[in-house]
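Undergrad: Dropping a structure here in structure tokens format, bear with me for questions.
Chains as they are written, first to last, in this note's numbering: chain E, 2 to 359; chain P, 5 to 476.
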């Protein structure tokens, strides 16, 4: 079992995600362009996709942790995305998981050799007392490119635990973009395994929190093969009494010679009652590597704020401009098919989901 | 090379220089194992006041109740057999005030380690601890006249109970962690220093710790209080024979820097590679005070040590400058903690580590900014150098910030010896060994230049020994 003495649970109690009420799960929805469908791309209920069933639990097994085990045992409304080899999509595949109490959504993505796909996976709905345990597993065959945009847009009151693992085969490339703008307590464990030589991964994590929101993000880059490259940019802008936890691990196995890994964590403090805890970690098990990381916690630039206000912006507008600027350079690392969506989600959070639903 | 020239003729390896052992002839050697009876024996033997005996018993209960840490190198930690350790060993009757008074065998040991020469050359006071007790102690008369107290911890408790009772275990309570509890239960020896207000102790005070017996546990306890506006530099060194069975060294070091005081604490840890070195070190820096830990870890099997500064008063400054060298079979799990509890406090951590062969070094640190500690600045820089395909380096820095108006920065780099640098040096006529040594010396230079000259030479020599035959 895990408790507060378990490394990744130091700042977020696992009790918060203990099962409470269970309501009937609502069906996830998706949008796939007709041209993509015509080229053999499929989005299916997970229980109907044999290929996805075959790899279920391979990237996020039950041993991963108690919540991952619960999802593996009990998921009901999952989605599988299958992209045949060589198919390159320009339009993102959009998935929406609406949360109900006790929901255990699961997503599996399979990209064939040389395929290119962007997935926008949004988690919406929920509310006071609702606990969601979500898992995503993504597999990129040799040379494939997967962009996985993961948006936590739950309603206020929702407590959610979200685990994703992207496994990259030889020369495959992965982009994970996490936007956590909704939910009360959100814990994310987003990792990429660079399993094949020449694989490349980028993870961008953008947190914007106010009120009493608590967002705990763990990122993992596990270099298992040689000549693999990875980069992490994790940014949190924190207002009110909100709290951000960031734990980022770069692990380079003995056999991963010639690996390069970078990690950057920046925290912008917008109030004197916000709190940022950050642990950027490195575990390097061979000497043929290039590896650096950096982390900072700092207040809003007072001169910049003064300048904006002197040009007629309200304090709130000025802060908005500064926070947008703070996140902007990280968004440059997000591939274009999903970038515009993430910018909107980051600004609006759950409000946007409601507006779109209406 | 100038460095090599200056080092020529020095002993070539640890076994020869530090790894020798004396016959084990002791006045008192407690049987192996840990119990309340043993605590009574130690306390009675030392003739301690009741409050200290009660403190020891309570600490033992804490030790027994606390589980082993579940972080760090659990495989190594779990291999410690607490029942197979001698917790108290006394080699001499009384303490030498002059070198001649120290029993012949022990004197030879410290002679071989070069302690008396060091004292003559550049120290204002020396304490030498052999097993559980301090066997030699001296301090310059002018310092005594100024009111500077430098003695062993047992004498400190006897002669200055009012100061000891006020600060002892107040910085590191017994229940702080399992090994602090163990030390609190069976502590013996260590240094006690008090520097009165507005007094600069210009020349360093030194302690030298030596474990000789097999399966020995050394649990010294050091308390340094530097009063308003005063300064002291304390240096400690440690070695042990290379036995095939493991020994345990678990010290507790408490520092108090009162208003505007300045403490520098330098450690060159060079235990043999069969010693577990599990140490708790913490300082309180009051208003305007400065505390610097200069921490070199070369020896031991497993070191877990994270010198801490609690910045208690406004404008206090904390600094940790450390290097770790991990060779085959060694794990240096070292780091630093800076806890900002007051406004406008500043801190800086510079950690350098070298992992060679199958060695592992980990930086583990904490920077914490408490609510209302506005205007704080802190920077952490970790540099790791890997030599060999199987070397391992970890970085585990924790930053907890609960305040807006602060600047917290952390940076880490991990790299191997650069081929182009080696190529350049070799093309200038250096052998591969010399080229590697030159790069390593450059890497640790920011640390070495903070040491007194004699220590810097010694450290360079140790690094040279560790680097020998690293090509291939």
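For glycine and all other residues, C-beta sits at the position ideal for the given N, C-alpha and C.
Expressed to the nearest angstrom, what Euclidean distance is found between the alpha-carbon atoms of residue 165 (chain E) and residue 119 (chain E)?
TA: About 15 Å.
Undergrad: At which residues does the beta strand (DSSP E) containing residue 356 (chain P) begin and terminate?
TA: Per DSSP, residue 356 (chain P) belongs to the beta strand (DSSP E) from 350 to 360.
Undergrad: Is it true that the CB of residue 240 (chain E) sits closer than 8 Å to the CB of residue 296 (chain E)?
TA: No, the pair does not count as a contact, with Cβ atoms beyond the cut-off.
Undergrad: Once you ignore the five residues that flank residue 463 (chain P) on each side, which residues in its own chain have a CB closer than 7 Å to its CB?
TA: Once the five neighbours on either side are set aside, the close Cβ partners of residue 463 (chain P) are 272, 300, 452, 455.
Undergrad: Give the list of continuous beta strand (DSSP E) stretches no shorter than 3 residues that lie fully inside the region 189 to 267 of chain E.
TA: Runs of the beta strand (DSSP E) inside the region 189 to 267 of chain E: 201 to 210, 215 to 224, 230 to 239, 244 to 253.
Undergrad: Taking contact to mean at least 3 C-beta pairs separated by less than 8 Å, is the region 342 to 354 of chain P in contact with the region 315 to 324 of chain P?
TA: Counting Cβ pairs under 8 Å, three or more are found: they touch.
Undergrad: Can you give the Cα-Cα distance for residue 219 (chain P) and residue 33 (chain P), rounded to whole angstroms?
TA: Each residue's Cα considered, the two are about 12 Å apart.
Undergrad: What is the DSSP secondary structure of residue 326 (chain E), reduced to helix, strand or coil?
TA: If DSSP states are grouped into helix, strand and coil, residue 326 (chain E) belongs with the helices.
Undergrad: Taking the C-alpha atoms as reference points, what is the distance between residue 7 (chain E) and residue 135 (chain E)?
TA: Approximately 20 Å between the Cα atoms of the pair.
Undergrad: Where does residue 112 (chain P) land, buried or exposed, given buried means 16+ other C-beta within 10 angstroms?
TA: By the neighbour-count rule (16 or more Cβ atoms within 10 Å), residue 112 (chain P) is not buried but exposed.
Undergrad: Using Cβ-Cβ distances below 8 Å, what residues of the region 273 to 289 of chain E are close to chain P?
TA: Those would be 273, 274, 275, 276, 277, 278, 279, 280, 281, 282, 283, 284, 285, 286, 287, 288, 289, in chain order.
Undergrad: Would you kindly report the start and end of the unbroken beta strand (DSSP E) that includes residue 382 (chain P)?
TA: Residue 382 (chain P) -> beta strand (DSSP E) spans 380 to 391.
Undergrad: Using the beta-carbon count (16 or more within 10 Å), is residue 101 (chain P) buried or exposed?
TA: Its Cβ having fewer than 16 others within 10 Å, residue 101 (chain P) is exposed.
Undergrad: Any residues in the region 383 to 412 of chain P with a beta carbon nearer than 8 Å to a beta carbon of chain E? Which ones, in chain order?
TA: Hits within the stretch, in order: 388, 390, 391, 392, 393, 394, 395, 396, 397, 398, 399, 400, 401, 402, 403, 404, 405, 406, 407, 408, 409, 410, 411, 412.
Undergrad: Please check if any C-beta of chain E sits within less than 8 Å of the C-beta of residue 475 (chain P).
TA: Its pLDDT being 49, under 50, residue 475 (chain P) is placed unreliably in this model, and the coordinates cannot settle the point.
Undergrad: Please work out which residues of its chain come closer than 7 Å, Cβ to Cβ, to residue 88 (chain E), disregarding the five sequence neighbours upstream and downstream, and give them in chain order.
TA: Within the same chain, residue 88 (chain E) has close Cβ partners 40, 41, 42, 116.
Undergrad: When you compare each of P:165, P:209, P:418 to residue 355 (chain P) by their alpha carbons, which one comes out closest?
TA: It is P:418.
Undergrad: How would you list, in chain order, the residues of chain P whose beta-carbon sits under 7 Å from the beta-carbon of residue 291 (chain E)?
TA: Here the neighbours are 419.
Undergrad: Which class does residue 117 (chain E) belong to by DSSP, given the choice of helix, strand or coil?
TA: If DSSP states are grouped into helix, strand and coil, residue 117 (chain E) belongs with the strands.
Undergrad: What residue does the beta strand (DSSP E) around residue 161 (chain P) start on, and which one ends it?
TA: No beta strand (DSSP E) holds residue 161 (chain P); the alpha helix (DSSP H) holding it covers 157 to 163.
Undergrad: Going along chain P in order, which residues have a C-beta closer than 7 Å to the C-beta of residue 298 (chain E)?
TA: Result: 403, 405, 410, 412.
Undergrad: According to DSSP, is residue 241 (chain P) part of a helix, a strand, or is it coil?
TA: Three-state DSSP puts residue 241 (chain P) in a strand.
Undergrad: Can you check whether the CB of residue 154 (chain E) is closer than 8 Å to the CB of residue 346 (chain E)?
TA: It is a contact, given that the beta carbons lie within the stated cut-off.
Undergrad: Residues of chain E with CB under 8 Å from residue 275 (chain P), in chain order?
TA: Correct list: empty, because the minimum Cβ distance to chain E is about 25 Å.
Undergrad: By Cβ distance, which residues of its chain are closer than 7 Å to residue 56 (chain P), with the 5 residues on each side in sequence left out?
TA: So the qualifying residues of the chain are 47, 161.
Undergrad: Look at the Cβ atom of residue 322 (chain E), then the Cβ atom of residue 314 (chain E), and state whether they are nearer than 8 Å.
TA: Closer than 8 Å, so yes.
Undergrad: Residue range of the alpha helix (DSSP H) that residue 108 (chain P) falls in?
TA: Residues 108 to 117.
Undergrad: Closest to residue 237 (chain E) by CA distance: which of E:205, E:83, E:254 is it?
TA: Cα-wise, what sits closest to residue 237 (chain E) is E:205.
Undergrad: Please decide whether residue 15 (chain P) counts as near chain E, where near means a Cβ-Cβ distance under 8 Å.
TA: Any reading at residue 15 (chain P) needs caution, since the residue's pLDDT is 32, under 50, leaving its predicted position unreliable; the model's value is listed next. Judged by the 8 Å Cβ criterion, residue 15 (chain P) is not in contact with chain E.
Undergrad: Suppose only complete runs of 3+ residues qualify. What are the beta strand (DSSP E) ranges in the region 123 to 187 of chain E, listed by chain order?
TA: As far as the region 123 to 187 of chain E is concerned, its whole beta strand (DSSP E) runs of at least 3 residues are 132 to 141, 146 to 153, 160 to 169, 174 to 181.
Undergrad: What do you reckon, are the CB atoms on residue 130 (chain P) and residue 210 (chain P) nearer than 8 Å?
TA: Yes, the pair counts as a contact, with Cβ atoms nearer than the cut-off.
Undergrad: Quick check on DSSP: helix, strand or coil for residue 55 (chain P)?
TA: DSSP places residue 55 (chain P) in helix when its eight states are reduced to three.
Undergrad: Please check the pair residue 94 (chain P) and residue 135 (chain P), which I expect to be a contact at CB under 8 Å, by giving their CB distance rounded to whole angstroms.
TA: Residue 94 (chain P) to residue 135 (chain P), Cβ: 7 Å. Contact.
Undergrad: Measuring alpha carbon to alpha carbon, tell me which residue in P:261, P:303, P:391, P:286 is nearest residue 294 (chain P).
TA: Minimum Cα distance to residue 294 (chain P) is reached at P:261.
Undergrad: Tell me which residue opens and which closes the beta strand (DSSP E) that residue 411 (chain P) is part of.
TA: Note, residue 411 (chain P): beta strand (DSSP E), 410 to 420.
Undergrad: If you draw a straight line from the alpha carbon of residue 460 (chain P) to that of residue 468 (chain P), how long is it in whole angstroms?
TA: One C-alpha to the other measures close to 12 Å.
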